[in-house]
Amino acid sequence: MGRVSRLGEEENPAEPEFGPWLAKASILVVDDEPGMRNFLVRTLAPRCGRVDEAKDVREASARLDAHYYDVVILDNIMPGRNGVDWLADQREVGFYSDAILMTAFADLDTAIQALRAGAMDFVLKPFRSNQILNAVARCLDRRRLQRENYVLRHELHAASDHLLLRDKLIGHSPQIAEIREMIARVAPLPTSVLITGESGTGKEVTARSIHTLSDRADKPFVPVNCAAIPTDMIEAELFGHVRGAFTGADTARDGLFMHAQGGTLFLDEIAELPPPTQSKLLRAIEDRRVRPVGSEREVPVDLRFICATNADLERAVEEGNFRSDLFYRINVLHLAMPPLRERGDDVIELAELFLSKLSAQLGMARLDITDAVAETFRAYDWPGNVRELRNLMERSLILGRFPEDLGSGGARASGAETLEDVERRHILSVLDETGGNRSETARRLGISRKTIDRKLAAWDGA
43 MGRVSRLGEE ENPAEPEFGP WLAKASILVV DDEPGMRNFL VRTLAPRCGR
93 VDEAKDVREA SARLDAHYYD VVILDNIMPG RNGVDWLADQ REVGFYSDAI
143 LMTAFADLDT AIQALRAGAM DFVLKPFRSN QILNAVARCL DRRRLQRENY
193 VLRHELHAAS DHLLLRDKLI GHSPQIAEIR EMIARVAPLP TSVLITGESG
243 TGKEVTARSI HTLSDRADKP FVPVNCAAIP TDMIEAELFG HVRGAFTGAD
293 TARDGLFMHA QGGTLFLDEI AELPPPTQSK LLRAIEDRRV RPVGSEREVP
343 VDLRFICATN ADLERAVEEG NFRSDLFYRI NVLHLAMPPL RERGDDVIEL
393 AELFLSKLSA QLGMARLDIT DAVAETFRAY DWPGNVRELR NLMERSLILG
443 RFPEDLGSGG ARASGAETLE DVERRHILSV LDETGGNRSE TARRLGISRK
493 TIDRKLAAWD GA
């Protein structure tokens with residue numbers, strides 16, 4: 043058995059040097075020696091959220107089937123099955139937690155086998171309590187960074203349209219005030235929420251507000267655009283997969299359900315899910331367990347589900363395109379987002395916000411909203427809602443003026459042209475007027491010479 047450190051070390055509460063995540067971690071200790079299990083439990087239990095123990099790999103497998111653990115601390119030499127072989131088998135059937143291998147034999151072959159089996163750290167017996175605590179803290183920090191990076195990359199790819207308003211529900215209209223009140227009521231509860239509304243009305247902003255005000259605020263918020271994921275990949279993206287589950291699956295990978303562990307999973311455009319995935323999602327919501335593609339094991343998950351759609355789900359149910367049992371499961375509380383045309387002066391407040399933020403980002407002079415422009419904004423029906431307003435503000439800053447024909451539908455007609463097209467055409471036009479003088483072009487546009495150079499280089503490369 044490893045050498046036991048001083049009693050005082052084991053009785054102290056969680057020390058700051060081991061990181062803030064230790065106190066919330068769930069740990070499984072697997073060792074056939076009662077003395078070592080007792081030492082590890084006494085070391086970890088006062089500092090961690092949950093610590094379970096198993097005397098052999100059979101009991102450990104049963105534990106993994108019943109509960110998700112952030113870290114598994116595993117002895118290598120045990121009766122019947124060594125830890126490295128068991129770990130390798132578990133990785134094959136769907137085991138995503140970090141593993142720390144304990145061994146009394148410091149040979150290179152064992153270390154290599156442990157790494158190949160998927161161990162994240164290697165601790166030599168005998169060890170002190172601070173050594174195992176540091177090893178656990180490293181695993182937790184690595185996993186946190188890995189998940190944050192994955193979620194951020196996913197957000198930037200799937201939700202770039204929401205960067206300005208993603209954490210704020212702007213406006214003082216009665217409709218938005220009612221939405222805020224409903225958010226405040228439902229946020230502290232574990233209730234599933236369905237958010238409906240036209241495209242661009244702020245469904246993701248509302249979902250983020252619910253998450254921010256909940257007791258899961260310090261855990262991940264993972265947005266998923268169900269319409270943006272290819273049908274043949276959506277199950278692997280949501281639930282994860284094991285190595286060899288399909289062609290190209292060279293390694294096992296967590297799904298978005300696991301990356302949202304403990305937090306909130308926001309399923310946008312849920313009406314676009316194919317029927318087989320709807321069935322699996324229903325089971326995941328009801329059982330709080332997911333089965334990665336190709337896995338023999340279901341993984342427990344602790345999530346809050348928020349769904350959103352701009353489709354009429356009741357009609358989709360009637361037409362047989364959406365499961366009725368899934369609809370009733372996600373529609374516990376319904377928030378209907380009001381369209382921008384019904385929100386009165388909110389459109390002016392939003393336009394002012396977009397102008398301030400975008401003018402700073404683009405390096406362009408800010409436009410003033412006159413009374414005439416404000417009246418035009420109030421009268422327009424904004425079919426694209428807040429997203430259309432945001433795009434119009436950016437286009438207006440680039441052109442240096444607001445459109446004159448907004449009320450007659452000119453803005454809608456110009457929507458066929460992308461912002462990139464408008465920007466490119468305008469910059470090239472001014473560049474032509476200045477005879478190719480980039481510095482003068484930058485001065486007239488109110489942007490830096492480096493911006494001109496960068497954009498021209500990008501367009502030339504395209």
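The sequence shown runs 43 to 504 under our numbering.
We treat Cβ as the ideally placed atom computed from N, Cα and C, and that holds for glycine.
* For lysine 492, does the count of other Cβ atoms within 10 angstroms reach 16, so buried, or fall short, so exposed? -> Under this definition lysine 492 is an exposed residue.
Same chain only: Cβ atoms within 6 Å of glycine 457, ignoring 5 sequence neighbours per side: Caution applies to glycine 457, whose pLDDT of 46 falls short of 50 and renders its modelled position unreliable; the model cannot decide the point.
**Request:** Using 10 angstroms around the beta-carbon of arginine 408, count the other beta-carbons present and answer buried if the total reaches 16, otherwise exposed.
**Result:** The residue in question, arginine 408, is exposed, as its Cβ has fewer than 16 Cβ neighbours within 10 Å.
- By a C-beta neighbour count over all protein chains shown, 10 Å radius and 16 as the cutoff for buried, is glycine 426 buried or exposed? In summary, glycine 426 is buried, with 16 or more beta-carbon neighbours lying within 10 Å of its beta-carbon over all protein chains present.
- Task: Pull up the distance between the alpha-carbon of lysine 66 and that of arginine 89, whole angstroms please.
- Result: About 9 Å.
ask   = Going straight from the alpha carbon of glutamate 446 to that of isoleucine 411, what length do you get?
value = Taking the CA atoms as reference points, glutamate 446 sits about 13 Å from isoleucine 411.
**Report entry** Status (buried if at least 16 other CB within 10 Å, exposed otherwise) for aspartate 112
**Finding:** Buried: at least 16 other Cβ atoms inside 10 Å.
State the start and end residues of the unbroken alpha helix (DSSP H) segment that holds aspartate 388.
From DSSP, the alpha helix (DSSP H) with aspartate 388 extends over 388 to 404.
Taking 9 Å as the cut-off, decide whether the C-beta atoms of glutamine 305 and valine 264 are in contact. Checking the sequence shown, residue 305 turns out to be glycine, not glutamine. The answer is yes: Cβ separation under 9 Å.
**Asked** Which two residues bound the contiguous alpha helix (DSSP H) that contains valine 135?
**Response** Valine 135: member of the alpha helix (DSSP H) spanning 125 to 135, first to last residue.
Of the choices Arg105, Ile312, Leu70, whose alpha-carbon is the least far from that of arginine 339?
Taking each of Arg105, Ile312, Leu70 in turn and checking the Cα distance to arginine 339, the smallest one comes out for Arg105.
> Does the Cβ of aspartate 495 have 16 or more other Cβ atoms within 10 Å, making it buried, or fewer, making it exposed?
Replying inline: It is exposed - the Cβ of aspartate 495 has fewer than 16 other Cβ atoms within 10 Å.
>> As a quick exercise: from Arg92, His468, Arg123, Val135, pick the residue whose alpha carbon is nearest that of threonine 505.
In response: As displayed, the chain neither begins before 43 nor continues past 504, which places residue 505 out of reach and without an answer.
### Query
Per DSSP, which one or two residues make a beta bridge with glutamate 95?
DSSP lists Val71 as partners of glutamate 95.
Can you tell me whether phenylalanine 263 is helix, strand or coil according to DSSP?
Note: phenylalanine 263 maps to strand in three-state DSSP.
**Prompt:** Between which two residues does the alpha helix (DSSP H) carrying methionine 78 extend?
**Reply:** First-last of the alpha helix (DSSP H) with methionine 78: 76 to 86.
_Under DSSP, the beta strand (DSSP E) around leucine 236 begins and ends at which residues?_
Its beta strand (DSSP E) spans residues 235 to 238.
Worksheet item: Around the C-beta of alanine 500, are 16 or more other C-beta atoms found within 10 angstroms, so that it is buried, or is it exposed?
Response: Around the beta carbon of alanine 500, fewer than 16 other beta carbons sit within 10 angstroms, so the residue counts as exposed.
Quiz prompt | CB of proline 334 within 9 Å of CB of phenylalanine 281, strictly | solution = The answer is yes: Cβ separation under 9 Å.
Open item on the list: Rounded to the nearest angstrom, what separates glycine 442 and alanine 141 at their Cα positions?
Closed with: Rounded to whole angstroms, glycine 442 to alanine 141 spans 58 Å at the Cα level.
Close beta carbons around alanine 350, own chain, < 6 Å, minus the five adjacent residues each side:
Ile237, Lys245, Asp310, listed in sequence order.
- Task: Would you mind listing the alpha helix (DSSP H) stretches within the stretch 139 to 168 that are 4+ residues and don't spill past its ends, in chain order?
- Result: If we require 4 residues or more, the alpha helix (DSSP H) runs fully inside the stretch 139 to 168 come out as 150 to 159.
Q | Inside the stretch 292 to 372 only - beta strand (DSSP E) runs reaching at least 3 residues | A | Within the stretch 292 to 372, the complete beta strand (DSSP E) runs of at least 3 residues fall at 306 to 310, 346 to 351.
DSSP state of aspartate 117 mapped onto helix, strand, coil | In the structure shown, aspartate 117 falls within a strand segment according to DSSP collapsed to helix, strand and coil.
* Work out the CA separation of isoleucine 218 and valine 228 for me, nearest whole Å. => In this structure, the CA atom of valine 228 is about 15 Å from the CA atom of isoleucine 218.
Going by the DSSP bridge assignment, what does leucine 382 pair with across the sheet?
The partner list for leucine 382 (beta bridge, DSSP) is empty, contrary to what the question assumes.
The alpha helix (DSSP H) that contains valine 284, what's its start and end? From DSSP, valine 284 is part of no alpha helix (DSSP H); its letter is neither H nor E.
*asked:* Am I right that arginine 258 and arginine 331 are in contact with their C-beta atoms under 8 Å? What's the rounded C-beta distance?
replied: Contact check for arginine 258 and arginine 331: beta-carbon distance about 19 Å, past the 8 Å limit, so the pair fails to qualify.
- Query: By Cβ distance below 7 Å, which residues in the same chain neighbour leucine 355 in space, the five residues on each side in sequence not counted?
  - Reply: Hits under 7 Å: Ala313, Phe364, Phe369.
Under 8 Å, with one C-beta from each stretch per pair, do the stretch 75 to 84 and the stretch 147 to 164 reach the 3-pair mark?
Inter-segment contact for the stretch 75 to 84 and the stretch 147 to 164 is absent: fewer than three beta-carbon pairs are separated by less than 8 Å.
Quiz prompt | Simplified DSSP assignment, three categories, for histidine 505 | solution = With the chain covering 43 to 504 only, the question about residue 505 has no answer from this structure.
Verify whether the separation of the beta carbon atoms of valine 99 and leucine 86 is less than 9 Å.
Taking 9 Å as the Cβ cut-off, valine 99 and leucine 86 do not qualify as a contacting pair.
message = Here's the rule I'm using: 16 or more other beta-carbon atoms within 10 Å means buried, otherwise exposed. How should proline 121 be labelled?
response = Exposed is the call here.
Practice problem: Please look up how many angstroms separate the CB atoms of glutamate 279 and leucine 298, rounded, as I've assumed it's under 8 Å. | Solution: Cβ-Cβ separation between glutamate 279 and leucine 298: approximately 6 Å, consistent with a contact (criterion under 8 Å).
Please tell me whether valine 576 and alanine 287 are closer than 9 Å, where the distance is taken between their beta carbons. As shown, the chain starts at 43 and ends at 504. That puts residue 576 outside it, with no answer to give.
What are the boundary residues of the alpha helix (DSSP H) that proline 216 is part of? Note, proline 216: alpha helix (DSSP H), 216 to 228.
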